[in-house]
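Going letter by letter, the sequence shown gives residues 56 to 239 in this note's numbering. The beta-carbon is built from N, C-alpha and C at its ideal position, and this holds for glycine as well. Have a look at the structure below before the remarks.
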Amino acid sequence: MEKEILIIVASVRPVRAGGKVARWVMNQAEGRPADYKYRLVDLREINLPFFDEPGSPRTAETYIHQHTRDWSAIIEPAAGFIFVTPEYNHGYAPALKNAVDFLYREWKGKPAGFVGYGGSGAKDSIRQMREILDRFRMRIAENQSGISKIGEAFDEDGRLNEDLVSGSITALFDELEGMIASTA
Ligand SMILES: Cc1cc2nc3c(=O)[nH]c(=O)nc-3n(C[C@H](O)[C@H](O)[C@H](O)COP(=O)(O)O)c2cc1C
Numbered sequence: 056m057e058k059e060i061l062i063i064v065a066s067v068r069p070v071r072a073g074g075k076v077a078r079w080v081m082n083q084a085e086g087r088p089a090d091y092k093y094r095l096v097d098l099r100e101i102n103l104p105f106f107d108e109p110g111s112p113r114t115a116e117t118y119i120h121q122h123t124r125d126w127s128a129i130i131e132p133a134a135g136f137i138f139v140t141p142e143y144n145h146g147y148a149p150a151l152k153n154a155v156d157f158l159y160r161e162w163k164g165k166p167a168g169f170v171g172y173g174g175s176g177a178k179d180s181i182r183q184m185r186e187i188l189d190r191f192r193m194r195i196a197e198n199q200s201g202i203s204k205i206g207e208a209f210d211e212d213g214r215l216n217e218d219l220v221s222g223s224i225t226a227l228f229d230e231l232e233g234m235i236a237s238t239a
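Shown next, in the form of structure tokens:
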């Protein structure tokens with residue numbers, strides 16, 4: 056059966072680099088084995104409020120808010136994730152942390168990887184998110200990809216200057232798909 060890998064866009068700003076980065080990731084995912092379906096999930100469109108469930112998602116049997124149920128229905132069937140994330144003030148993207156906090160079992164134990172971007176590839180942001188995802192015993196790909204000097208990384212036609220990319224995105228896809236295959 057086809058396994059779904061969600062490419063989750065963490066920036067929710069009206070004007071942002073995250074959209075271009077996510078499109079680049081989607082383009083790079085073209086031609087991957089047919090068993091894996093890559094799908095874009097944009098937190099700006101999901102538009103969650105600040106975490107507002109009364110109970111802990113870890114123990115809750117039901118969620119009281121429809122937006123939580125809708126978010127759960129997106130994350131629950133997914134086999135793995137790639138978080139496309141910026142860094143703000145040496146930290147994680149708040150909308151991503153918030154979206155993660157809403158759920159528990161939907162993330163638990165699943166494979167995930169990161170594509171970071173910013174002044175120098177969002178390394179602090181990713182390091183912090185890796186620690187947070189450890190709470191869910193998620194398995195995080197060692198391979199991660201980063202884009203530096205994000206302000207000048209894309210030309211007017213949206214083409215990425217590959218010299219500013221660190222870490223192989225192909226290696227990230229390979230590792231993630233391998234982890235999913237090993238748990239199937
Ligand atoms: C409030 C703020 C803080 C930032 N802090 C960092 C930072 O700590 N490290 C970094 O590499 N880039 C930082 N940047 C630059 C962002 O990486 C860059 O603006 C990027 O485009 C943000 O992603 P987005 O446009 O998709 O939201 C910061 C930008 C803003 C607006």
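>> Can you give me the C-alpha to C-alpha distance between Ala150 and Phe138, rounded to a whole angstrom?
In response: 12 Å
> What is the DSSP secondary structure of Ser111, reduced to helix, strand or coil?
Replying inline: coil
>> Only counting the same chain, and skipping five residues up and downstream in sequence, which positions put a Cβ closer than 6 Å to that of Thr123?
In response: Glu108, Phe157
> In the DSSP assignment, what residue or residues form a beta bridge with Leu61?
Replying inline: Arg94, Phe136
> Who are Gly168's beta bridge partners in DSSP?
Replying inline: Ile137
> Relative to ligand 1, is the shortest distance from any of its heavy atoms to the C-beta of Asn102 smaller than 7 Å?
Replying inline: no
>> Please tell me whether Ser111 and Thr140 are closer than 8 Å, where the distance is taken between their beta carbons.
In response: no
> Which whole-angstrom value describes the C-beta separation of Gly201 and Ala177, a residue pair presumed to lie in contact below a C-beta threshold of 8 Å?
Replying inline: 6 Å
> Using the C-alpha atoms, what's the distance from Val67 back to Asn153?
Replying inline: 12 Å
>> Using only the alpha-carbon positions, how far apart do Asn173 and Thr117 sit?
In response: A small correction: the amino acid at residue 173 is Gly; Asn does not occupy that position in the sequence shown. Computed Cα separation, rounded: 37 Å.
> Which residues share a DSSP beta bridge with Leu215?
Replying inline: Phe209
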